[in-house]
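Down below is the structure, laid out as C-alpha cells.
In my numbering, the protein residues as written are 195 to 797.
If you want it as C-alpha cells, here you go:
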C-alpha cells in the first residue's frame with residue numbers, strides 16, 4: 195500500500211532571506227479599477243520595453259498575473275492594449291501567464307478578426323501544453339461564422355473535435371485533482387497518477403486546484419517529487435507557498451519558503467501580495483513582518499508604501515508591538531532606505547491617541563530618522579492638545595538632550611496645544627521656558643494666545659498677574675493687541691485697579707494709552723474717584739491733556755449721566771473748569787437737556 199509523502203521537519207527561519215522580490219504595494223488589491231485604468235493608459239501607447247517599465251513604476255503599479263487577467267477580462271480593453279501588455283509580460287516580466295490568460299488573449303484576437311495572430315498563439319499554447327477551452331472556441335466561432343471564414347471555422351471545429359482540449363492541462367489537472375479529492379490514498383490512486391506526464395505548469399495547476407484543502411495540496415506537492423515524477427522548480431514552489439500562506443498553515447508555509455530559499459528560488463510578487471494580504475486580514479502581524487523581512491532581504495525591495503502600511507497596521511490598537519515595529523524599521527533601513535519625516539507623518543496619522551508617539555519616534559530615530567521642524571511642531575501640538583502632559587514634557591527633553599533646540603513654531607504649538615486642552619498652567623510654564631530659551635521678544639504671539647485663553651475662562655485677573663510678573667521679571671514685551679484685549683476683559687469683569695496697572699505697564703513699554711474701554715466703564719458703572727484715578731495713571735505730569743477731560747465729559751453725556759459729569763467737573767482743576775471748550779460742551783448739553791424737558795412739558 196502506498197503511503198503519503200513524509201513531512202519535512204521545520205527549520206529555523208531567519209529574519210532576512212536572500213531572495214528576489216518584485217516591488218509592490220501590498221496594501222492595494224491589483225484588481226482594483228484604478229490599477230486597471232493605469233495599465234490600460236500605459237499600454238495604449240507605443241513605447242519601448244524599458245519605457246513601459248518606467249511608466250508603471252512612476253505610477254506605483256506592479257504588473258502580475260492577476261492584474262494581467264483583470265485587464266484581459268475587462269470589456270473596455272482595446273485589442274492593441276491587450277497585445278502590447280501580453281507581449282510585454284511574455285517577453286520581459288517574471289510573471290508566468292496561465293492557460294486562462296492565454297485563452298482570454300486568444301479570444302480577443304479572434305473576436306477582433308486577427309486570424310493570423312490567432313493561429314500563431316494557438317501554436318504557442320500547444321507548445322506550452324495549454325489547450326483551447328470551450329468558452330474560447332464558442333466565442334471565436336461566432337466571429338469566424340459572421341465573417342464567412344469557413345476554412346478557419348472548420349479548422350477550429352476540427353481542433354475541438356480532435357479532443358486536444360481533453361488532453362489539455364486543464365483536463366489533466368481536473369483528473370489528478372479529483373483523484374486526490376475523492377479517493378482514499380492507495381495503490382490504485384498512485385498508479386493512476388503515475389501515468390501522468392508532469393510539468394511545472396501542471397503541478398502548479400494541481401497545487402492551486404487542491405488549494406481549498408491545503409493539506410491535500412501539500413501531500414500532492416511532496417508525493418510528486420518523492421515519487422521521482424517531477425523535480426520542483428521556482429514556479430511550483432511559489433504556488434505551494436501561495437496556497438499555504440493563510441491562517442492555520444503558517445508553520446507549513448515557512449517550511450516551504452525555507453526550502454524555496456535554500457534552493458535559490460524566488461517568490462513572485464503575486465504570491466507575496468496574496469500571502470501578505472491574507473496575513474493582514476487575519477491580523478497575523480508576526481508572520482506579516484517576517485514576510486516583509488523576507489522580501490526586503492532580496493535584490494528588489496517592496497515599496498516605501500509597503501513599509502509605512504505595515505508600520506501603521508502595527509501601531510493600531512491599545513498595545514502596539516514595538517518590537518515588530520522596530521524590526522520593520524530595521525529591515526527597511528538596512529536595505530539602504532532612508533526614513534524621512536514624511537514616513538513618520540504617514541505613520542502618525544493612524545494614531546487615534548498620541549500616547550505612543552514617543553515610542554514610535556524613538557524607534558524611527560534609532561533607524562536614522564531626522565525630524566523636520568514642521569513635523570516637530572505638529573507632534574508638539576498633538577501631544578499637548580490631547581492632554582499628554584508627561585509625554586509632551588518628555589518630547590521636549592529628548593529634543594534638547596539630542597543637542598537640538600526647539601524651533602519657534604514648536605514652542606508656539608506647545609502653548610496652543612496646552613490651552614486647547616485647558617491646561618493653562620502648563621501653557622504658562624511653556625511661555626516661561628520659551629522666554630528662557632529664546633528670549634523675551636520671541637514670546638509675544640504665543641503669550642497673546644494664552645491671555646485669550648485665560649480671558650475666555652473668566653480668568654482675566656490671573657492673566658494680568660502672569661503678564662505683570664513676566665514683564666517685570668523676564669522683560670516680556672506683549673503685543674499691543676494683547677494689552678488692549680486684556681484691558682477690555684479686566685474692565686468687563688470688574689477689575690478696574692488691575693486695568694489701571696496694565697495701563698501703566700503699557701506706558702512703560704512705549705505703547706499709547708488705550709482709553710476707550712476706560713471711558714465706557716467709568717461713564718456707565720464707575721465713580722468720580724475712578725475717573726480721577728484714571729487721569730492720574732495716564733501721565734507722569736500733574737495733569738493729562740485737556741482732550742482727555744473732554745473725552746470723559748462726552749462719555750458721561752453719551753451715557754446720559756449729566757449729574758455725574760457735573761460732579762466730575764467740580765473735582766477738576768481750575769484750568770479745566772474755566773476752559774472755554776469745556777464750558778461750551780456743558781452749555782450745549784444743558785441747553786439740549788432743557789429743550790427736551792420743555793418739549794415734554796408742552797406735550
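For every residue, glycine included, the Cβ atom is placed at its ideal position computed from N, Cα and C. As the structure is a computational prediction, the values presented were derived from the model and not from experiment.
Inset, instruction - Could you pull out every residue in the same chain whose Cβ sits closer than 7 Å to the Cβ of residue 727, ignoring the five residues on either side in sequence? - result: Taking residue 727 as the centre and dropping the five residues before and after it, the same chain places the C-beta of 694 closer than 7 Å to its C-beta, in chain order.
Inset, instruction - Entirely within the segment 588-627 and at least 4 residues each: give me those alpha helix (DSSP H) ranges in chain order. - result: Fully enclosed alpha helix (DSSP H) runs of 4 or longer: 602-614.
Legend entry - Buried versus exposed, by CB contacts within 10 Å (16 or more), residue 220: Residue placement at residue 220 cannot be trusted, given a pLDDT of 41 that sits under 50; what the coordinates show is reported in the next sentence. Here residue 220 is buried. Its C-beta has 16 or more other C-beta atoms within 10 Å.
Inset, instruction - Could you pull the start and end residues of the alpha helix (DSSP H) that residue 480 belongs to? - result: Counting along the chain, the alpha helix (DSSP H) containing residue 480 begins and ends at 479-490.
Legend entry - Beta-carbon separation (whole angstroms), residue 401 vs residue 437, contact threshold 8 Å: The Cβ separation is near 6 Å, so the contact holds.
Inset, instruction - Give every residue of the same chain whose Cβ lies closer than 7 Å to the Cβ of residue 794, excluding the five residues on either side of it in the sequence, and list them in chain order. - result: Confidence in residue 794 is poor, its pLDDT being 42 and thus under 50, which makes the residue's placement unreliable; the coordinate value appears in the next sentence. Nothing listed; no residue qualifies.
Legend entry - Per-residue burial, residue 408 [other beta carbons within 10 Å of its own, 16 or more giving buried]: Result: buried.
Legend entry - Sequence-distant residues of its chain with Cβ nearer than 7 Å to residue 392 (five each side left out): Around residue 392: 418, 423, 424.
Legend entry - Buried versus exposed call for residue 675 [16 or more other C-beta atoms within 10 Å across all chains shown]: Residue 675 comes out exposed.
Legend entry - Same chain only: Cβ atoms within 6 Å of residue 338, ignoring 5 sequence neighbours per side: These residues qualify, in order along the chain: 346, 347.
Legend entry - Inter-residue spacing [alpha-carbon to alpha-carbon] between residue 340 and residue 332: Here the alpha carbon of residue 340 sits roughly 13 Å from the alpha carbon of residue 332.
Legend entry - Sequence-distant residues of the same chain with beta carbon closer than 7 Å to residue 390, five excluded per side: 366, 370.
Legend entry - Where residue 782 sits in the DSSP three-state scheme: Residue 782 carries a helical assignment under DSSP once its states are collapsed to helix, strand and coil.
Legend entry - DSSP-derived helix/strand/coil call for residue 442: Coil, per DSSP.
Inset, instruction - Evaluate the contact criterion for the segment 483-490 versus the segment 274-282: three or more CB pairs, one atom per stretch, below 8 Å. - result: No, because fewer than three Cβ pairs between the segment 483-490 and the segment 274-282 fall closer than 8 Å, the two stretches do not touch.
Inset, instruction - Buried or exposed for residue 777, please, with buried defined as at least 16 other CB atoms from any protein chain shown within 10 angstroms of its CB. - result: Looking at its Cβ environment, which holds fewer than 16 other Cβ atoms inside 10 Å, residue 777 is exposed.
Legend entry - Helix, strand or coil at residue 719 according to DSSP, with G and I counted as helix: Residue 719 sits in coil when the DSSP states are folded into three classes, being neither helix nor strand.
Inset, instruction - Measure the alpha-carbon distance for residue 551 versus residue 236 and round it to whole angstroms. - result: Their Cα atoms are separated by approximately 41 Å.
Legend entry - Closest Cα partner of residue 257 within the set 449, 342, 467: Of the listed residues, the one whose Cα sits closest to residue 257 is 467.
Inset, instruction - Counting only the same chain and skipping the five closest in sequence on each side, list residues whose C-beta sits under 7 Å from that of residue 781. - result: None.
Inset, instruction - With DSSP as the reference, label residue 425 as helix, strand or coil. - result: Of the three classes helix, strand and coil, the one that applies to residue 425 here is coil, per DSSP.
Inset, instruction - Report the rounded CA-to-CA distance for residue 783 versus residue 763, giving the unit in angstroms. - result: If I take the Cα positions, the gap works out to 14 Å.
Inset, instruction - For residue 640, name the three-state secondary structure that DSSP assigns. - result: DSSP places residue 640 in the helix class (H, G or I) of the three-state scheme.
Legend entry - Bounding residues of the alpha helix (DSSP H) (the contiguous stretch that carries residue 228): 227-237 is the span of the alpha helix (DSSP H), which, as asked, contains residue 228.
Inset, instruction - Give the DSSP-derived three-state secondary structure of residue 395 in the structure shown. - result: Correct three-state label for residue 395: helix.
Legend entry - Selection from 721, 689, 749 that minimises the alpha carbon distance to residue 714: Checked all of 721, 689, 749; the closest Cα to residue 714 is 749.
Inset, instruction - Drop a sphere of 10 angstroms on the beta-carbon of residue 350, count the other beta-carbons inside from all chains shown, and report buried for 16 or more, exposed for fewer. - result: With 16 or more Cβ atoms within 10 Å of its Cβ, residue 350 is classed as buried.
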